[in-house]
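Q: Same order as they appear, the protein sequences are chains R and C.
At position 4 of the first sequence (counting the first as 1) the number is -15 in the numbering used here, and the numbers step up by one without a gap.
If you want the numbering used here, it's the 1-based position in the second sequence plus 10.
Cβ atoms here follow ideal geometry from the backbone N, Cα and C, with glycine treated the same way.
Since the structure is predicted, the reported quantities are computational estimates derived from the model, not experimental observations.
Below you will find the structure I want to go over with you.
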Amino acid sequence: MGISPLSLFTVAASGLQAQTRSVEIIANNLANASTPGFKPSRANLQDVRLTEVQPPDVELGGGVILGAISRDFNQGVLTTTGNPLDLAIEGPGFFEIQLADGRRAYTRDGSFHLDGGGRLVTADGLIVGPGITAPAGFQEVVVAADGTVTARQADGTTTPIGTINLARFANPDGLQSFGNNLLVETAASGPPQVGAPGTVGRGQIHSGVLEGSGVEIANEFVNMLVAQRSYSLSLRVLQTLDEMQRQANAIAT
Amino acid sequence: MIRGLYTATTGIVLGVARQALIAHDVANANTTGYKRAALPLVPSSRLDVQRLATGVPEPVANDVRARAGPLGTGVWTEAPVIDFGQGPLRVTGQVLDLALEGEGFFQVRGTQGTLYTRDGSFHRDAAGNLVTATGQFVLGDNNAPVQLPEGEPVFAPDGTVTVNGQVAGRLGIVQFAQPNALQRAGENTFAANAAAVPAQARVRQGFLEASNVDPNRTVVDMLRVARSYEASVRLVQVQDETVARLLEVGRVG
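Here's what the structure looks like:
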């Protein structure tokens, strides 16, 4: 038996599903339009092949699927904040962060601070790099462009207390989102290659500066409109197919 | 009488087949590099209807039965034709987003062998190969995967890619003498049954080619198909009722 309007419902439904996922991704981008170091994602939709030999010998399509989610790693705009522990990377590297379970995660968000114990941590309290602790009684902590962190005491003496290295990946697109503006390595990204800031493929650290979100609001709104419009179209197709199926059912009654 | 029933049925089957293509097009209204399809309509074979011979002895030397005229048997279709018309280019600003302007395809190689695509949302994999969103290798004019060394790649309109001022390769952009040489292969790719020849399409870096599905036209097509489907269904019902009436009249009783 050939195809009925009913058998095409899944094609229209695939459109609804794919556009819903697109809208979710765009909404997440928009929600992070002012998150430091945030890199927007994009849905890569792909057509689905489905061959069915029908009476008219027509090759039918299976609709659409979300093939992959890719991220735009373009450099964000650097904004001066004046806070010496706000760090920005100019170049393609990532800060290395220790997760609570000891695993490593990577971020471009350098809005760091010192916690109660004097440790350099992220906005969420996760330890930065190998762990850098300021000594008791320090006056100020300074981060140089090469990643060297120095503590200055009240009497003017300075002590190096550690180095913030940067990680680079052969394929940053392969990194997986871990939430909270963090990314984790995958087989696709390749292993992190941690090295000193300023070396090839890592970029320099700027202190007192934050990297703005990579989200371009106007672009995202256009993408949102296109996704919503495509959703409405698929819905219209579904309604039409439903109507056709109802008419076909009426023949038998 | 019953012949008319079959004619109306071709309209019903064809209506669904056409709606199948429209549903697939609409599902891919927001799919990069997607090309819409059309189902060419061809009238089915015509029957030569002759008046029933009454009182004429058969056979006769020259057929003297009066010819009543041709009778159509509905519409039928050939394989869908893919409309390879240019889709609108949209700016993304990403260095590995490429769009083609003019006739031609990128060549990609995955598990299905060499395929052809207009979706240029490419990435650099961990080994430095230029790959599609689903990891298929993008081929150069030497038929080998394009390798990108570390650095910012710049694509010239002729497909030549330079990284740090050094030529890293050239994209193999091809086309086909027969437009019907290509069939959909899923994942925004096409498979070919003919040899490819070099094409002159221009490569635009930082752009993607949007789907060439025209929402307005598609909705009109969809409604038109739905209405003619409805008419065919009605035709079946009317003829069914006519036969029923006839049986009623002919009932002995």
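1) I'd like to confirm the pairing. Which residues does DSSP put opposite ASN25 (chain R) in its beta bridges?
2) Using a 10 Å radius around the Cβ and a threshold of 16 neighbouring Cβ atoms, would you call ARG13 (chain C) buried or exposed?
3) Quick one: what's got a C-beta closer than 6 Å to GLY155 (chain R)'s C-beta in the same chain, skipping five residues either side?
4) Looking at PRO73 (chain R): is its Cβ nearer than 8 Å to the Cβ of PHE54 (chain R)?
5) When the Cα atoms are used, what is the spatial distance from VAL123 (chain R) to ILE186 (chain R)?
6) What number of angstroms, rounded off, separates the C-alpha of ALA27 (chain C) from the C-alpha of ALA47 (chain C)?
7) Would you mind working out which of C:GLY130, C:PHE186, C:VAL23, C:GLN247 sits nearest GLU113 (chain C), comparing C-alpha positions?
8) In chain C, which residues lie less than 8 Å from GLN27 (chain R) when you measure between Cβ atoms?
9) Give the interface partners of ARG30 (chain R) over in chain C, defined as CB-CB distance under 7 Å, in chain order.
10) What does a CB cutoff of less than 7 Å around ALA(-1) (chain R) pick up in its chain, not counting 5 residues either side in sequence?
11) Between GLN104 (chain C) and ARG85 (chain R), what straight-line distance do the alpha-carbon atoms span, to the nearest angstrom?
12) Along chain C, in chain order, which residues have C-beta atoms closer than 7 Å to that of ASP210 (chain R)?
13) Measuring CB atoms only, is the region 173 to 185 of chain C touching the region 146 to 162 of chain C, in the sense that at least three cross pairs come out at less than 8 Å?
14) Do you know how far the Cα of THR172 (chain C) is from the Cα of ALA206 (chain C)?
15) Does the distance from the CB of VAL65 (chain R) to the CB of LEU191 (chain R) come in under 8 Å?
16) Under 7 Å: does the beta carbon of LEU24 (chain C) sit that close to some heavy atom of the ligand ZN?
17) For the putative contact between PHE165 (chain C) and GLN215 (chain C), defined by C-beta atoms under 8 Å, what is the C-beta separation to the nearest angstrom?
18) Listing by chain order, which chain R residues have their CB less than 8 Å from the CB of ILE32 (chain C)?
19) When the Cα of GLY83 (chain R) is compared with those of R:THR1, R:ARG100, R:GLY112, which residue comes out closest?
20) Using alpha carbons as the reference points, say which of R:GLU5, R:VAL58, R:ASP223, R:ALA(-6) lies closest to ASN38 (chain C).
21) Quick one: give me the first and last residue of the beta strand (DSSP E) that GLN215 (chain C) is part of.
22) Relative to chain B, which residues along the region 154 to 165 of chain C have a C-beta separation below 7 Å, given in chain order?
A: In short, the structure shows the following:
1) The count along the first sequence starts at 1 and reaches residue 25 (chain R) at position 44. Answer by DSSP bridge pairing, in chain order: R:ALA49.
2) Here the question's residue 13 (chain C) lines up with position 3 in the second sequence. Looking at its Cβ environment, which holds fewer than 16 other Cβ atoms inside 10 Å, ARG13 (chain C) is exposed.
3) Along the first sequence, one-based indexing puts residue 155 (chain R) at 174. Within its own chain, the residues whose Cβ lies closer than 6 Å to the Cβ of GLY155 (chain R), once the five positions on either side in sequence are excluded, are THR167, ALA169, SER170, listed in chain order.
4) Translated into the one-based positions of the first sequence, residue 73 (chain R) becomes position 92. Translated into the one-based positions of the first sequence, residue 54 (chain R) becomes position 73. The answer is yes: Cβ separation under 8 Å.
5) Locating residue 123 (chain R) in the first sequence gives position 142, counting from the first residue. Locating residue 186 (chain R) in the first sequence gives position 205, counting from the first residue. C-alpha separation (whole angstroms): 12 Å.
6) Counting from one through the second sequence, the residue named residue 27 (chain C) turns up at place 17. Counting from one through the second sequence, the residue named residue 47 (chain C) turns up at place 37. Distance between the alpha carbons of ALA27 (chain C) and ALA47 (chain C): 12 Å.
7) Here residue 113 (chain C) corresponds to residue number 103 of the second sequence, with the count starting at 1. Taking only the C-alpha atoms, the option nearest GLU113 (chain C) is C:PHE186.
8) Taking the first sequence and counting its residues from 1, the one referred to as residue 27 (chain R) is at position 46. The contacting residues are THR41, ASP129, ALA143, THR144, GLY196, GLU197, ASN198.
9) Against the first sequence, residue 30 (chain R) aligns to sequence position 49. Neighbours of ARG30 (chain R) on chain C, chain order: ARG194, ALA195, GLY196.
10) Within the first sequence, numbered from 1, the residue matching residue -1 (chain R) stands at position 18. So the list reads LEU26, VAL45, ILE46, LEU47, once near-sequence residues are dropped.
11) Mapped onto the second sequence, residue 104 (chain C) falls at position 94. Mapped onto the first sequence, residue 85 (chain R) falls at position 104. If you take the alpha carbons of GLN104 (chain C) and ARG85 (chain R), they lie about 27 Å apart.
12) On the first sequence, residue 210 (chain R) is found 229 positions in, with the first residue counted as 1. Looking at the sequence shown, residue 210 (chain R) is not Asp but Arg. Under the 7 Å cutoff, chain C gives PRO225.
13) yes
14) On the second sequence, residue 206 (chain C) is found 196 positions in, with the first residue counted as 1. On the second sequence, residue 172 (chain C) is found 162 positions in, with the first residue counted as 1. When rounded, the distance between both Cα atoms is 25 Å.
15) As a position in the first sequence, residue 65 (chain R) is number 84, starting the count at 1. As a position in the first sequence, residue 191 (chain R) is number 210, starting the count at 1. Strictly speaking, residue 65 (chain R) in this sequence is Pro, with Val absent from that position. Not closer than 8 Å, so no.
16) Ligands in the displayed structure: none, and consequently the ligand ZN is not present.
17) Taking the first residue of the second sequence as position 1, residue 165 (chain C) is located at position 155. Taking the first residue of the second sequence as position 1, residue 215 (chain C) is located at position 205. The C-beta separation of PHE165 (chain C) from GLN215 (chain C) comes to about 4 Å, placing the pair in contact by the 8 Å criterion.
18) Residue mapping note: residue 32 (chain C) aligns to position 22 of the second sequence, counting from 1. Simply VAL218.
19) Walking along the first sequence from the start, residue 83 (chain R) turns up at place 102. That would be R:GLY112, whose Cα lies nearest to the Cα of GLY83 (chain R).
20) Here residue 38 (chain C) refers to the residue found at position 28 of the second sequence. Here the closest residue by C-alpha is R:ALA(-6).
21) For this step, residue 215 (chain C) is matched to residue 205 along the second sequence. Unbroken beta strand (DSSP E) run through GLN215 (chain C): 212 to 215.
22) The chain inventory of the structure shown lacks chain B, comprising the protein chains R and C.
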